[in-house]
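Below is the structure:
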């Protein structure tokens with residue numbers, strides 16, 4: 004290889020390095036823009052449940068994002084049909100965190116938490132993602148996962164990682180609302 008070829012390769016390498024830096028910045032900007040758009044969508048709230056209304060027993064009542072004293076996001080209020088606050092949903096990039104109302108004794112054993120929300124909705128979404136990952140449609144790291152946190156037998160948080168997109172977000176919101184509304188009704192009947 005002569006000196007001219009070496010210089011040409013060095014220039015080409017420099018161009019590629021600059022292009023990589025430019026594309027990384029563009030990717031970061033696109034991710035920031037996507038996050039802002041998702042927040043704007045969430046601030047407007049959702050009016051229709053993704054799962055059929057007959058199945059969920061009516062239209063979801065999901066309020067827009069609320070803010071704390073210093074502009075800190077508290078999450079989306081999830082309310083029952085009668086307006087009862089059931090909990091708050093916080094969205095962070097690819098993850099969702101649902102915090103049930105602390106003053107209500109929600110537990111994993113109150114139906115339909117386990118059979119509907121966990122086994123049917125979340126485990127069903129995970130199985131769908133696992134199938135898509137095995138077919139190479141999505142990266143295995145993008146498969147939905149979830150965990151339930153309890154303290155003293157009471158539900159404290161449902162964390163959902165890699166929830167997917169807007170359609171899934173609406174379905175999860177509607178499912179949370181329906182499940183916790185039914186759980187609330189069972190608590191009230193005690």
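Residue numbers (our numbering): 4 to 193. Beta carbons: idealized from backbone N, C-alpha and C, even for Gly.
About 51 Å separates the Cβ atoms of residue 103 and residue 19, ruling out a contact at the 8 Å cut-off. In the DSSP annotation of this structure, the continuous segment of the alpha helix (DSSP H) that includes residue 175 starts and ends at 169-192. Taking the CA atoms as reference points, residue 28 sits about 24 Å from residue 167.
Taking C-beta atoms as the reference points, residue 125 and residue 101 fail to come closer than 7 Å. In chain order, 182 and 185 place their CB closer than 6 Å to the CB of residue 115, counting only its own chain and leaving out the 5 sequence neighbours on each side. Residue 177 and residue 81 have their alpha carbons spaced roughly 9 Å apart. Cβ-Cβ distances below 8 Å link residue 133 to 146 in the same chain, with the five nearest sequence neighbours on each side left out; the list follows chain order. The DSSP-derived three-state label of residue 112 is coil.
In chain order, 182 place their CB closer than 7 Å to the CB of residue 119, counting only its own chain and leaving out the 5 sequence neighbours on each side. Residue nearest to residue 153 within the set 25, 32 and 112 is 112 (criterion: CA-CA distance). Classified as buried, residue 109 has 16 or more neighbouring CB atoms from the shown chains inside 10 Å of its CB.
Taking C-beta atoms as the reference points, residue 78 and residue 93 count as a pair closer than 7 Å.
Beta-bridge annotation (DSSP): residue 38 is not paired with any residue.
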